[in-house]
Amino acid sequence: MSQLSSEVVRSLAASWRTLVATDLLYKLLAFILLTPLLGSLFRLMLAFFGNDVLSDTDIVLFFLGPAGWLCLLVVGTLWLAIVVIEQSSLLGVIAAKEAGTKLTPIGALQFAASHGVSILRLTLRLIIIIVLAIVPFLAIAGAVYFSLLGEYDINYYLKENPPVFRIAVGIGIVLAVGLAGLLLWLVASFLFALPLVLFENVSPVEALKQSRIRAHGFRKPLLAALVLWSVAVLAVSTFASTLLGWIWHYLVPDSTSSLQWLVVSIGVGLLCLSLINLACNLFGTTTFAAMLFTCYQKLGAGDQRNLAEVFSHPPGDDSALRITRLRLASAAIVGVLIAIFIGIGSLESVRLEDDVQIMAHRGASSVAPENTMAAFRQAIEEGADWIELDVQETADGEVIVYHDSDFMRLAKNPLKVWDATMEDLADIDIGSWYGPEFSDQRVPTLAEVLEECKGKIKVNIELKYYGHDQKLEQRVADIVDQQDMASQVMAMSLKREGVAKMKAIRPDWKVGLLMSVATGNMKKLEADFLAVNASFADAVMIQSAEDNGKDVYVWTVDDAPTMSTMISRGVKGLLTNKPALARSVLKQRAEMSAPQRLLLEFTSLLGIPPSIKEQ
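Here full-length UniProt numbering is used: the sequence shown runs in plain steps of one and ends on residue 615.
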């Protein structure tokens, strides 16, 4: 292994300048040409199969069907082909050096392009092999889930962690380890396939076959090389993150005393962030290419191939990419100007006023049992603008406020909601699990909650569907009308059909889609707002939603730094179990100056928690 490592270092030292220039040129071209092509193809396939946009639920259903499998196969193949073409260019640079010649960055791209058809065929076969390897594990995992965890609502298993859940998790861990081992074995088996296509001019089918034969007896050193490379990339990334934090802390101390210096320091900080991320990516791709070529040469019989024949054409002139003092100085000046431009743009984007609504998730459920009158009253007391609650229908047609499909998690009662009557619910205690002082809490009806909230707090009604709904949307609309609260409610659901039906019944209501992620044409999404998982609510997604006339609410945010970050990104609503904390965050932000706001908005980009306290 030490000899392999030495050879990798030697290959990098001999060609690192050309490798870096080639990879930079490739990334630029991929960003301009290939990445948009990949996204456009995915959207085209969605439209072809009648899906203009997919929410998280839709995505699962889409990829469980034949259209999803085809889309996954095509898009996955092209994405992997992009990666493989990049590695092909870098392998060309290293191999040319080994053959005693030199490829320019443009020549390296031409070398990869000349093998484009073979690369595409190879990646298609690799995707098929990977999919065939994964499918049995997914089938077993699905069978385990439905056989062991299908009796009660999944939230019961997550909260109570019963023995059957631990067994299911144990089986899942075994399956995950087994799948990881199989995938690593496949990577080691087919590691030589790409060099065989590039340097020995064999077909993709023969390359896969020969790679498996040549890897026989060498899988342990090959796996060790892959693990060593992964550890090295992780170590470099960790060091880079630490360095970036140090640079930021060095720039920031006196920043709030001078807005001009703050603009420059933030611009420099963000420029450093981009450069360090790029450097880490370059390190990963170039070292992998060097490792792959070395393994091919030393373990895959690649040293028996006359590489000079592969690069018989004369090398091009790379003087245009040579680094000189003048070019370095010019790059430095341009970098400073870019940093100032970024800083000024950042300052102009800062919101000096927060426009966000606090929504108590199932009431103030951090201090009272969820979806109870106690939690809703506490939310009013803590100053929330809205309460968010879940509704579904009972067997006798009442609309109740409850989240799960059964009562196992909160009351250890397996009764399904759609089988329950109001008489049954009168005996079910949903408060004692939280504390004995809440033993009097019962499942409330929507009408009871609206009566309590009228004129005090607005209500966001989530429509829950477990396949047994009757006339949920119409009954909700009727109950709201009976309380004369149409102007004080909004509705949302995970189910797009439910959103459309609610909007058709009450077109004047604000109705939204609850989701984790979305892909496709957001403009064609028939919803007034999106309630998304905070983990996926980045600035690009929020801005895209706003551009298409849709507000973004995030769930479920219970810590002050994340609340502040989401507010800075422009969300219109925070769904939280801690409305009092959210109110405190807004108060702290209101007391900040413009420079402090600017710092607050961009520290999160550099991995530094914002200066917002838990109060």
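Yeah, the Cβ is synthetic: ideal placement off N, Cα and C, and Gly gets one too.
CA-to-CA distance, residue j to residue i, given in whole angstroms
| i | j | result |
| --- | --- | --- |
| Asp558 | Leu581 | 8 Å |
| Arg129 | Phe137 | Sequence inspection shows Ile at residue 129; the Arg mentioned does not correspond to that position. If I take the Cα positions, the gap works out to 14 Å. |
| Pro315 | Val236 | Confidence at Pro315 is low in this model, with a pLDDT of 45, below 50, so the placement of that residue should be treated as unreliable; the coordinate-derived value is given next. Cα to Cα, the separation comes out at about 33 Å. |
| Asp254 | Leu243 | For Asp254, the predicted structure reports a pLDDT of 49, less than 50, and the residue's modelled location is therefore unreliable. A value from the coordinates is still provided. Computed Cα separation, rounded: 19 Å. |
| Val9 | Gly284 | 13 Å |
| Ala176 | Trp386 | 41 Å |
| Ala215 | Cys71 | 32 Å |
| Ile140 | Leu148 | 12 Å |
| Leu28 | Ala224 | 32 Å |
| Ser366 | Leu19 | 54 Å |
| Leu299 | Leu80 | 24 Å |
| Glu7 | Pro105 | 22 Å |
| Trp494 | Arg506 | One point to set straight first is that residue 494 is Leu, not Trp, in the sequence displayed. Answer to the nearest angstrom: the Cα atoms are 18 Å apart. |
| Gly245 | Ser330 | 27 Å |
| Lys102 | Val197 | 20 Å |
| Val585 | Ala560 | 6 Å |
| Ile323 | Ser274 | Residue placement at Ile323 cannot be trusted, given a pLDDT of 47 that sits under 50; what the coordinates show is reported in the next sentence. C-alpha separation (whole angstroms): 21 Å. |
| Gln3 | Ser11 | 12 Å |
| Val480 | Ala447 | 8 Å |
| Arg442 | Ala240 | 54 Å |
| Ala590 | Gln482 | 39 Å |
| Ser94 | Phe293 | It is Ile, not Ser, that sits at residue 94 in the sequence shown. Their backbone Cα atoms lie some 8 Å apart in a straight line. |
| Gly150 | Phe165 | 11 Å |
| His115 | Leu109 | 10 Å |
| Ala14 | Phe288 | 15 Å |
| Val233 | Met541 | 29 Å |
| Leu389 | Thr556 | 13 Å |
| Pro436 | Lys412 | 15 Å |
| Arg212 | Val401 | 59 Å |
| Met485 | Ala477 | 10 Å |
| Asp354 | Arg362 | 24 Å |
| residue 668 | Cys453 | Residue 668 falls outside the range modelled here, since the chain spans only 1 to 615, and no answer is possible. |
| Phe376 | Leu132 | 50 Å |
| Ser5 | Met291 | 8 Å |
| Glu309 | Glu200 | 10 Å |
| Ala426 | Thr238 | 56 Å |
| Trp69 | Leu514 | 25 Å |
| Gln210 | Val202 | 9 Å |
| Gln588 | Phe190 | 56 Å |
Contact belief for residue i with residue j at Cβ below 8 Å, rounded distance in angstroms
| i | j | result |
| --- | --- | --- |
| Val391 | Glu462 | 7 Å |
| Leu91 | Pro204 | About 16 Å separates the two Cβ atoms, so there is no contact after all. |
| Leu160 | Arg409 | According to the sequence as given, residue 160 is Glu; it is not Leu. Going by Cβ atoms, the distance from Glu160 to Arg409 rounds to 7 Å, so yes, they are a contact pair. |
| Gln357 | Lys510 | 11 Å between Cβ atoms; not a contact. |
| Leu208 | Ile134 | Contact doesn't hold; Cβ gap of about 18 Å is too wide. |
| Glu526 | Ala545 | With 8 Å as the limit, Glu526 and Ala545 do not qualify as a contact, their Cβ atoms being about 14 Å apart. |
| Tyr465 | Gly498 | 6 Å |
| Ala364 | Pro221 | Not a contact, Cβ separation roughly 58 Å. |
| Ala168 | Tyr145 | 7 Å |
Residue of the options minimising C-alpha distance to residue i
| i | options | result |
| --- | --- | --- |
| Phe407 | Tyr152, Ile140, Ile106 | Tyr152 |
| Gln297 | Ser487, Glu452, Ala99, Asp354 | Ala99 |
| Thr394 | Phe376, Lys471, Gln441, Leu103 | Lys471 |
| Tyr553 | Leu126, Leu574, Ser439, Val499 | Leu574 |
| Thr286 | Leu109, Gln3, Ser89, Arg475 | Ser89 |
| Pro444 | Ala477, Pro436, Ala374 | Ala374 |
| Asp23 | Ala96, Ile380, Glu86 | Glu86 |
| His403 | Leu208, Ile154, Asp484 | Ile154 |
| Asp396 | Gln588, Phe376, Thr421 | Thr421 |
| Val449 | Ala379, Lys97, Met592, Lys503 | Ala379 |
| Pro195 | Ile127, Leu307, Lys503 | Leu307 |
| Cys280 | Glu381, Val231, Gly76, Leu73 | Val231 |
| Phe31 | Phe190, Pro66, Val83, Gly76 | Val83 |
| Gln474 | Leu126, Met502, Gly107 | Met502 |
| Cys295 | Gly76, Leu271, Gly570, Arg219 | Arg219 |
Beta bridge counterpart(s) of residue i as assigned by DSSP
| i | result |
| --- | --- |
| Met492 | Glu462, Gly512 |
| Tyr553 | Ala531, Gly573 |
| Trp386 | Met359, Lys458 |
| Ile276 | Looking at the DSSP assignment, Ile276 forms no beta bridge with any residue, so it has no partner. |
| Asn413 | Phe407 |
| Gln392 | Ile400 |
| Thr445 | Ile400 |
Chain C contact for residue i (CB, 7 Å cutoff)
| i | result |
| --- | --- |
| Pro561 | The structure shown contains no chain C, having only a single protein chain. |
- [ ] Would you be able to state if there are at least three C-beta pairs under 8 Å between the segment 557-572 and the segment 532-541?
- [x] yes
Task: Inter-stretch contact (C-beta, 8 Å, three-pair minimum) for the segment 367-383 and the segment 412-428 - done: no
TODO: Could you tell me whether the segment 448-462 touches the segment 475-492, where touching means 3 or more Cβ pairs closer than 8 Å?
DONE: yes
- [ ] Answer yes if the segment 425-432 comes into contact with the segment 183-198, meaning at least three C-beta pairs across the two stretches below 8 Å, and no otherwise.
- [x] With the cut-off at 8 Å, the segment 183-198 and the segment 425-432 do not touch.
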